[in-house]
Amino acid sequence: MNRIIASILYVMICQLQLFGQKEAKTDYGKIVLLNEDGTWTYKDSLVNHHLKSFPINKLEIPKTYPKDEIISHTGYSLLYNEIHEQANWVAYELTKEETNKLFERTNNFMPDPLIKTGSATDLDYQGYGYDRGHLAPASDMGYSSITMAESFYYSNMSPQVPSFNRGIWKKLEELVRTWAIENNSIYVVTGPVLIKGLETIGPDEVSVPKYYYKVILDYTEPSIKGIGFLLPNEGSKENLENFAVSIDSVESVTGIDFYYLLENSQESEIEKKVCMNCWSWNSVKSKSSRPENKSVESVRCNGITKKSERCKLMTHNLSGFCFHHEAQLNSESPKTSEEQIIIHPSIRSTANSSSVQCSGITKSGNRCKRMTTNANGRCYQH
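My numbering applies: residue 1 is where the sequence shown begins, and numbers increase by one.
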């Protein structure tokens with residue numbers, strides 16, 4: 001231990017009477033707590049047991065401004081940056097139950113239909129050597145076919161160096177799922193650090209970020225806590241602990257105000273420090289529980305596009321139709337000339353199930369008019 005720190009602690013300990021725990025500050029600005037028995041610990045290493053949680057709707061959404069348009073999908077929300085052709089941030093709550101994977105990756109990358117100005121496309125990434133890196137990971141969205149499909153929207157992608165995306169970034173994503181399991185639920189915000197002068201790729205000039213961030217809030221008692229990460233867009237063999245920073249630090253780099261709905265003093269206490277000992281650092285694999293769909297293979301969608309061609313998307317839906325074309329299930333859609341549409345034997349028995357009007361409510365307060373065959377009675381948008 002540093003001699004200066006030791007000397008300061010010794011003086012403070014000698015001054016202790018039987019008055020319980022005392023605070024002291026080292027020359028390096030660290031706050032330590034001194035105990036009556038002469039032991040001590042860094043204050044930042046303690047969990048915020050005194051903090052209380054209260055129900056807060058949409059706690060994961062960062063602070064926005066009147067001109068900002070938040071895009072809400074089933075499993076996550078985002079704020080799209082038209083200049084950089086990717087999201088400033090994606091945000092979602094991840095619960096312990098949602099880490100149980102029911103559906104595998106679709107790998108059906110597609111433009112986001114809710115981005116009015118148009119999101120990036122396949123052409124923007126072809127031939128440039130970058131991965132289409134998820135911001136909201138597909139493995140965090142495996143609890144439904146809808147959330148899995150929507151996780152492959154290009155609004156949720158950002159150009160990532162392959163060794164980064166498949167290496168340390170993946171490890172961080174796995175660790176976050178571990179924390180969701182251990183803490184029952186967490187609030188996650190992820191995004192690229194977008195600044196002027198970044199390299200761009202593709203006809204839509206998608207920016208290639210040099211850094212990515214992730215902030216996590218555990219808002220469950222008794223261990224309310226938060227942590228942030230800043231990682232360069234490059235492969236790394238470093239431990240994830242080396243990239244951990246305070247949420248305040250991420251805010252200073254990105255200019256984004258995270259978890260602003262918290263009471264001010266509570267927000268300040270959570271975001272100003274990094275409690276390394278408050279989090280576990282060994283990932284556990286997410287469980288896969290697909291008892292009913294375990295034998296269902298991915299099949300090509302039976303839907304017909306507006307160009308009268310068979311849809312090229314693959315789907316795990318039991319109906320044999322992707323979420324874009326499930327309304328065609330009971331319609332008399334013409335067969336394409338290229339091939340006879342075939343339904344996988346394992347889903348053939350359910351292919352004639354009747355469609356029903358979606359039970360979802362639109363923004364105008366009316367019942368959705370779409371038809372759906374989903375067992376939950378809701379269309380892909382609801």
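The beta carbon of each residue, even a glycine, is placed where N, CA and C say it ideally should be. Bear in mind the structure is a predicted one, so any value in this text is a computation, not a measurement.
Nearest-angstrom Cα separation, counted from Y128 out to I201: Position 201 of the sequence shown, counted from the first residue, corresponds to residue 201. Position 128 of the sequence shown, counted from the first residue, corresponds to residue 128. Each residue's Cα considered, the two are about 7 Å apart.
Secondary structure, beta strand (DSSP E): runs of 3+ residues fully inside the region 124-150: Residue ranges of uninterrupted beta strand (DSSP E) with 3 or more members, entirely inside the region 124-150 and ordered along the chain, are 131-134.
Unbroken alpha helix (DSSP H) run spanning D248, endpoints: In the sequence shown, the residue the question calls residue 248 occupies position 248. That run of the alpha helix (DSSP H) goes 247-254.
Inside the region 201-288 only - alpha helix (DSSP H) runs reaching at least 4 residues: Within the region 201-288, the runs of alpha helix (DSSP H) at least 4 residues long that lie entirely inside it are, in chain order, 247-254, 264-271.
Own chain, CB closer than 7 Å to E205, minus 5 neighbours either side, in chain order: Working through the sequence shown from its first residue, we reach residue 205 at position 205. Result list for E205: E85, in chain order.
D68, buried or exposed, once every other Cβ within 10 Å from all chains shown has been counted against 16: In the sequence shown, counting from the first residue as 1, residue 68 sits at position 68. Residue environment: D68 is assigned as exposed (fewer than 16 neighbouring CB atoms within 10 Å of its CB, all protein chains considered).
E182 versus T220: straight-line alpha-carbon distance, rounded: Here residue 182 corresponds to residue number 182 of the sequence shown, with the count starting at 1. Here residue 220 corresponds to residue number 220 of the sequence shown, with the count starting at 1. C-alpha separation (whole angstroms): 11 Å.
Beta-carbon gap between S283 and L135 smaller than 7 Å: Along the sequence shown, read from residue 1 onward, the residue named residue 283 stands at position 283. Along the sequence shown, read from residue 1 onward, the residue named residue 135 stands at position 135. Cβ distance not < 7 Å, so S283 and L135 don't count as in contact.
Buried versus exposed, by CB contacts within 10 Å (16 or more), E199: For the purposes of this step, residue 199 is taken as the residue at position 199 of the sequence shown. By the Cβ neighbour-count rule, E199 is exposed, with fewer than 16 other Cβ atoms within 10 Å of its own.
Reduced DSSP secondary structure (H/G/I, E/B, other) of E174: What you label residue 174 is simply residue 174 of the sequence shown in a count that begins at 1. The three-state secondary structure of E174, taken from DSSP, is helix.
Cβ-based burial, T372 [other Cβ within 10 Å; buried from 16]: As a working note, residue 372 is residue 372 in the sequence shown. Buried, since its Cβ has 16 or more Cβ neighbours within 10 Å.
The region 163-174 in contact with the region 68-81 per 3-pair CB rule at 8 Å: Verdict: no, contact absent.
Three-state secondary structure (DSSP) of G191: Here the question's residue 191 lines up with position 191 in the sequence shown. G191 falls in the strand class under three-state DSSP.
Given D399 as reference, the closest of T95, I70, K25 once Cα atoms are compared: A query on residue 399 cannot be resolved here, the shown segment of the chain reaching from 1 to 382 and no further.
Endpoints, the beta strand (DSSP E) within which Y92 is located: Here residue 92 refers to the residue found at position 92 when the sequence shown is read from its first residue. Per DSSP, Y92 belongs to the beta strand (DSSP E) from 86-95.
Residue environment, P55, which counts as buried when at least 16 other CB atoms sit within 10 Å: On the sequence shown, position 55 is the one that residue 55 refers to. With fewer than 16 other Cβ atoms within 10 Å, it is exposed.
Cβ-Cβ separation, I270 to A244 (assumed contact under 8 Å), whole Å: For the purposes of this step, residue 244 is identified with residue 244 of the sequence shown, where counting begins at 1. For the purposes of this step, residue 270 is identified with residue 270 of the sequence shown, where counting begins at 1. Here A244 is actually not in contact with I270; their C-beta atoms are around 14 Å apart, not less than 8 Å.
Supposed contact pair T190 and K214 - C-beta distance, whole angstroms, cut 8 Å: Residue numbering aside, residue 214 sits at position 214 when the sequence shown is read from its first letter. Residue numbering aside, residue 190 sits at position 190 when the sequence shown is read from its first letter. The C-beta separation of K214 from T190 comes to about 5 Å, placing the pair in contact by the 8 Å criterion.
For N239, the nearest candidate out of M276, M157, R378, K225 (CA to CA): In the sequence shown, residue 239 corresponds to position 239, counting from 1. Among M276, M157, R378, K225, the Cα nearest to that of N239 belongs to M276.
Alpha carbon of Q160 to alpha carbon of K237, nearest angstrom: Locating residue 160 in the sequence shown gives position 160, where the first residue counts as 1. Locating residue 237 in the sequence shown gives position 237, where the first residue counts as 1. Approximately 16 Å between the Cα atoms of the pair.
T362 to E98 span [Cα, whole Å]: Indexing the sequence shown from 1 puts residue 362 at position 362. Indexing the sequence shown from 1 puts residue 98 at position 98. T362 and E98: Cα-Cα distance of roughly 25 Å.
Contacts around A180, its chain only, beta-carbon distance under 7 Å, and the 5 residues preceding and following it disregarded: Along the sequence shown, read from residue 1 onward, the residue named residue 180 stands at position 180. So the list reads L94, T95, K96, T99, I186, once near-sequence residues are dropped.
Option in D122, N184, T254, C311 with minimal Cα separation from Y211: Taking the sequence shown and counting its residues from 1, the one referred to as residue 211 is at position 211. For Y211, the nearest C-alpha among the options comes from T254.
Where the beta strand (DSSP E) containing M110 begins and where it ends: Your numbering for residue 110 matches position 110 in the sequence shown. Where M110 is concerned, there is no enclosing beta strand (DSSP E), given that its DSSP letter is neither H nor E.
Exposed unless 16 or more other CB atoms sit within 10 angstroms - verdict on T147: As a first step, residue 147 must be located in the sequence shown, where it is residue number 147. The residue in question, T147, is buried, as its Cβ has 16 or more Cβ neighbours within 10 Å.
Where the beta strand (DSSP E) through S158 begins and ends: For this step, residue 158 is matched to residue 158 along the sequence shown. Start and end: 157-160.
Residue ranges of each alpha helix (DSSP H) within the region 55-82, 4 or longer: The region 55-82 contains no whole alpha helix (DSSP H) run of 4 or more residues.
Beta-carbon spacing of Y154, D112 below 7 Å: Stepping through the sequence shown from its first residue, residue 154 is reached at position 154. Stepping through the sequence shown from its first residue, residue 112 is reached at position 112. Pairing Y154 with D112 gives a Cβ-Cβ distance under 7 Å.
Secondary structure of N2, DSSP reduced to three states: Position 2 of the sequence shown holds residue 2. The predicted model places N2 with a pLDDT of 47, which falls under 50 and marks its position as unreliable; any figure quoted below should be read in that light. Coil at N2, not helix or strand.
Coarse secondary structure for M371, derived from DSSP in three states: Here the question's residue 371 lines up with position 371 in the sequence shown. M371: strand per DSSP, three-state reduction.
Beta-carbon proximity check, L114 vs P203, cutoff 7 Å: Numbered from 1 along the sequence shown, position 114 holds the residue referred to as residue 114. Numbered from 1 along the sequence shown, position 203 holds the residue referred to as residue 203. Taking 7 Å as the cut-off, the Cβ atoms of L114 and P203 do not count as close.
Proximity to V250 [Cα-Cα], best of Q266, E263, S265, L231: On the sequence shown, position 250 is the one that residue 250 refers to. For V250, the nearest C-alpha among the options comes from L231.
Environment of D140 [buried if 16+ CB atoms lie within 10 Å]: Locating residue 140 in the sequence shown gives position 140, where the first residue counts as 1. Under this definition D140 is a buried residue.
Own chain residues within Cβ distance below 7 Å of P162, not counting five before or after: In the sequence shown, the residue the question calls residue 162 occupies position 162. Counting only Cβ-Cβ distances below 7 Å, and skipping sequence neighbours, we find D131.
Where R166 sits in the DSSP three-state scheme: Here residue 166 corresponds to residue number 166 of the sequence shown, with the count starting at 1. Helix.
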